[in-house]
Every structure is written in C-alpha cells, then in structure tokens.
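Visitor:
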Amino acid sequence: MEEWTDAVRSRRKKLGLTQVQVARGLGVTSHHFSQIESGRTSPSASLQMEIDRLLKNWNDEPELTLMFDYMRVRFPTHDAKTVITKILGLTPGTPDI
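In terms of this note's numbering, the sequence shown is numbered consecutively and its last residue is 148.
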C-alpha cells in the first residue's frame, strides 16, 4: 500500500494539485484524502480505483453542466427517423455525446 500512496502523492504533485482539489474531485473531505495519501487510512477498493482514475484523467477545464427543468417538444409527424436525422441532426444507432 505504501508504494501506491507514494505514487498517488507523486502524481498529485506532478499535476500541481492540492489535496483539497483532489478531495473535491473525489467527493471526500480533504482530511480523509490526507489520511489515505499518508497511509494512515486504507481506501476501499472502489475509492482506490476512483483516485487512480481521477489522477490519470485529470482535466483543468471546467465541467460542462446542463440543467433542464422541464422541456416538451412535439413534432406533427409519426416519422421518427426524419425527426432524429433532419431536425435533431443525430445518426440513428450511434451514441451522440
């Protein structure tokens, strides 16, 4: 475990991140993350994987958030393919992210 915590600390510092920033990204307190990074507390397997994922894929760009309260759109047609391809500009059968 010590080898893993050393790698986490090294990666965090290489990215120029504080423990607070990493803790926020993980959704844990900075105290808890500090305990994990120092080896005083062992993370669960899922939290350990989340820490590895977060540090591997760190991105400083702000997170994109979209919020819709309520939206209803009606099209006067039963031709779903036309609505999907021509109006919404999507390709059926492919995920559009």
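Cβ coordinates follow ideal geometry from the N, Cα and C atoms, glycine included.
Compute the distance between the beta-carbons of Val73 and Leu105, then report whether it is under 9 Å.
Guide: Against a cut-off of 9 Å, the Cβ pair of Leu105 and Val73 comes out as a contact.
Visitor: Could you compute how far the alpha carbon of Phe126 sits from the alpha carbon of Gly76?
Guide: Rounded to whole angstroms, Phe126 to Gly76 spans 40 Å at the Cα level.
Visitor: Is the stretch 53-64 touching the stretch 100-119 in the sense that three or more CB pairs, one from each, lie closer than 8 Å?
Guide: Enough Cβ pairs lie closer than 8 Å, so yes.
Visitor: Who are the Cβ neighbours of Val134 in its own chain at under 7 Å, not counting the five residues just before and after it?
Guide: So the qualifying residues of the chain are Phe126, Thr128.
Visitor: Straight-line CA distance for Ile138 to Leu98?
Guide: Between Ile138 and Leu98, the C-alpha separation is close to 42 Å.
Visitor: Residue range of the alpha helix (DSSP H) that Gly76 falls in?
Guide: Its alpha helix (DSSP H) spans residues 70-77.
Visitor: Measuring CA to CA, which of Asp120, Met118, His83 is closest to Ile102?
Guide: The residue with the shortest Cα to Cα distance from Ile102 is His83.
Visitor: Please go through the stretch 91-133 and give each complete alpha helix (DSSP H) segment of 4 or more residues, from N-terminal end onward.
Guide: The qualifying runs are 96-107.
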